[in-house]
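Report on the following structure.
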Amino acid sequence: METNQISVTFENIAGNITTHPTYMAIDLGGTRYPAAKPEHENVLDKVMTYTPYAMGSLALNAGQIVMADEAAHPFLTLATSAIKKVQLGIYQTMVRSWGMVVPFENQLTLNLVITTEHDTYDLLNTDLNVLPVLVAWLQEQAITIEDPMKLQAIMSTTDWANVKWADIEKLAQGTAYEIPNQMIGAAAPTQKNQ
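The numbering used here puts the first residue of the sequence shown at 380, with every later residue one more than the last.
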């Protein structure tokens, strides 16, 4: 299977947010997507649930968004009026997995690209359940949505917790999301992959 490699932010979210796609939990309406992982006392549990990339957070509030780094320190607040557009898409990603036979597993990853006059923020999220509430929030804030995969057309009829790779593969045809991606970590900026 042909794949693209995408260098994602591995650490220092605040320093890499405009140069690399970055995993961000989304806080909206009192819910976090994806939900925070429980703390594990057992070393094996810690190893099995470890993610090699940093995850920050994106809080969506009425009239503004707030980005925080991997240590939960806010580093950027933007008025929604400063956002020119947002693009939504879903990457078919191959991520490292535990196991001796297959070192990668398939994962569907939401891509939220926020464009302002001066910067672009390429954000990733692994919980597709955020899509309906995210789109509703974007519409409430009157933010222009680019939707090359036409996700809005199936928003209310799709069970986002159980959407299949094949379904996303069909929607991605003819878009920038068509070729599956392999996520790799990036500790320092080199260049932004599109």
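Glycine residues also receive a C-beta, built at the ideal position from the N, C-alpha and C atoms.
Neighbour flag for Y556 against chain C, beta carbons, 8 Å: The chain inventory of the structure shown lacks chain C, comprising one protein chain alone.
CA-to-CA distance, G553 to E525, given in whole angstroms: Counting from 1 along the sequence shown, the entry for residue 525 is found at position 146. Counting from 1 along the sequence shown, the entry for residue 553 is found at position 174. If you take the alpha carbons of E525 and G553, they lie about 15 Å apart.
Cβ distance (whole Å) where L457 is taken to contact Q443 below 8 Å: Along the sequence shown, read from residue 1 onward, the residue named residue 457 stands at position 78. Along the sequence shown, read from residue 1 onward, the residue named residue 443 stands at position 64. About 6 Å separates the beta carbon of L457 from that of Q443, a gap short enough to meet the 8 Å contact definition.
Cβ-Cβ distance between V465 and L503 below 8 Å: Mapped onto the sequence shown, residue 465 falls at position 86. Mapped onto the sequence shown, residue 503 falls at position 124. It is not a contact, given that the beta carbons lie outside the stated cut-off.
C-alpha gap between G408 and S386, whole angstroms: Taking the first residue of the sequence shown as 1, we reach residue 408 at position 29. Taking the first residue of the sequence shown as 1, we reach residue 386 at position 7. The straight-line gap from Cα to Cα measures roughly 30 Å.
DSSP beta-bridge partners of D501: Stepping through the sequence shown from its first residue, residue 501 is reached at position 122. DSSP, once it has assigned bridges, lists V492 as partnering D501.
Residues that S436 bridges to, as DSSP identifies them: Working through the sequence shown from its first residue, we reach residue 436 at position 57. For S436, which the question treats as bridged, DSSP gives the partners A404, A447.
Inter-residue spacing [alpha-carbon to alpha-carbon] between I558 and I469: For this step, residue 558 is matched to residue 179 along the sequence shown. For this step, residue 469 is matched to residue 90 along the sequence shown. Cα to Cα, I558 sits roughly 11 Å from I469.
DSSP-derived helix/strand/coil call for E557: Start at 1 with the first residue of the sequence shown, and residue 557 comes out as number 178. Note: E557 maps to coil in three-state DSSP.
Between the CA atoms of T410 and Y556 - distance to the nearest angstrom: Working through the sequence shown from its first residue, we reach residue 556 at position 177. Working through the sequence shown from its first residue, we reach residue 410 at position 31. For Y556 and T410, the distance between alpha carbons rounds to 27 Å.
Separation of G435 from P527, as counted between CA atoms: Taking the first residue of the sequence shown as position 1, residue 527 is located at position 148. Taking the first residue of the sequence shown as position 1, residue 435 is located at position 56. When rounded, the distance between both Cα atoms is 26 Å.
Close beta carbons around P453, own chain, < 6 Å, minus the five adjacent residues each side: Taking the first residue of the sequence shown as position 1, residue 453 is located at position 74. Here the set comprises V445, A447.
Between the CA atoms of Y500 and T494 - distance to the nearest angstrom: Locating residue 494 in the sequence shown gives position 115, where the first residue counts as 1. Locating residue 500 in the sequence shown gives position 121, where the first residue counts as 1. Each residue's Cα considered, the two are about 6 Å apart.
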